[in-house]
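Below you'll find the structure, written out as structure tokens, and then a few comments.
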Amino acid sequence: MDSFSFTPVAFVRTPYAATAEVPKGCGAAHVAEGVIEVLSELEPGLADIEGFSHLFVIWVFDRSPGVELYGTAPTDDRPHGVFATRSPKRPNPIGLTVVELLRREGTTLHVRGVDMLDGTPVLDIKPYLTSVDPQKLRRGWLAEAEARRQA
Ligand SMILES: C[S@@+](CC[C@H](N)C(=O)[O-])C[C@H]1O[C@@H](n2cnc3c(N)ncnc32)[C@H](O)[C@@H]1O
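Positions 30 to 180 (my numbering) are the ones given, in order, by the sequence shown.
Below you can see the structure in the form of structure tokens.
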């Protein structure tokens, strides 16, 4: 089997020291501000990033509690497959968060919408772009769980 090795391009400073502090569950709002500190030698790679309002941040669950292929998320009382959830207990512990870019100061990106623990390593940053028609989006078991809660 192939394996891959990556090193961080950045580290995130967030208000969250422990997983219990990160908002969870249906309707949890991710409005916390944080700072992405990009490695200084990578600064040329940040050219023109200011023009984008939102970014994809791809990061590592470096304090992952292990793997669970089928489990219960905080948003539902019914279990689901890991690839149908955003659980940290993944075979490859990779996280993906969309953040709002507030401003850039050199290699420092000030962002809103972090849900990572303080000090989390970042593997990549990309501009947030989507061409998916919102009318075509389906939210699977999440929509069903929300409907059950409201009933
Ligand atoms: C449900 S996951 C979603 C993360 C990301 N938005 C995603 O979809 O991949 C968010 C949870 O991961 C956990 N978490 C955040 N940073 C972590 C880290 N560095 N290591 C392990 N767990 C982390 C916290 O408990 C947080 O509530």
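We put the CB at the ideal spot given by N, CA and C, even for glycine.
Proximity test, Cβ basis, 8 Å: residue i and chain B
i: V128; result: Going by chain labels, chain B is absent from the structure shown, which holds only one protein chain.
Proximity to residue i [Cα-Cα], best of the options
i: D46; options: L146, A172, A102, T159; result: The question names Asp, but residue 46 is Ala in the sequence shown. Closest option to A46, Cα to Cα, is L146.
i: H109; options: V127, E62, G169, M30; result: G169
i: D106; options: V128, A176, F35; result: A176
i: E173; options: T104, F112, V111; result: T104
i: V186; options: F33, V38, F40, A61; result: What the structure shows of the chain is the stretch from 30 to 180, and residue 186 is not part of that stretch, so it cannot be assessed.
i: K118; options: P44, V86, Y99, L84; result: Y99
i: R42; options: V51, F35, S32, V64; result: V64
i: L84; options: T114, P44, L75, L130; result: L130
i: E66; options: V151, T114, S34, P44; result: V151
i: F35; options: L75, H59, N121; result: N121
i: V128; options: F33, P44, H59; result: H59
i: L75; options: T136, P44, L171, P163; result: T136
Spatial distance of residue i from residue j (CA atoms)
i: V96; j: Q179; result: 31 Å
i: L138; j: L166; result: 30 Å
i: V140; j: T126; result: 11 Å
i: S116; j: A102; result: 7 Å
i: F112; j: F40; result: 25 Å
i: E134; j: I154; result: 16 Å
i: L68; j: A49; result: 28 Å
i: R132; j: G124; result: 22 Å
i: E70; j: V86; result: 19 Å
i: D31; j: P37; result: 20 Å
i: V51; j: P73; result: 32 Å
i: G148; j: P44; result: 10 Å
Cβ-heavy atom distance, residue i to ligand 1, below 7 Å
i: K155; result: no
i: G124; result: yes
i: F90; result: yes
i: L137; result: Note that residue 137 is Thr in the sequence shown, not Leu. No; taking the cut-off as 7 Å, the Cβ of T137 has no heavy atom of ligand 1 nearer than that.
i: T36; result: no
i: V67; result: no
i: S116; result: yes
i: D77; result: no
i: L130; result: no
i: T159; result: no
Should the region 159 to 172 be called in touch with the region 84 to 96, which here means at least 3 C-beta pairs below 8 Å? Cβ pair count under 8 Å is below three, so no.
Taking one C-beta from the region 72 to 87 and one from the region 46 to 58 each time, how about it: are there three or more such pairs within less than 8 Å? No contact exists between the region 72 to 87 and the region 46 to 58.
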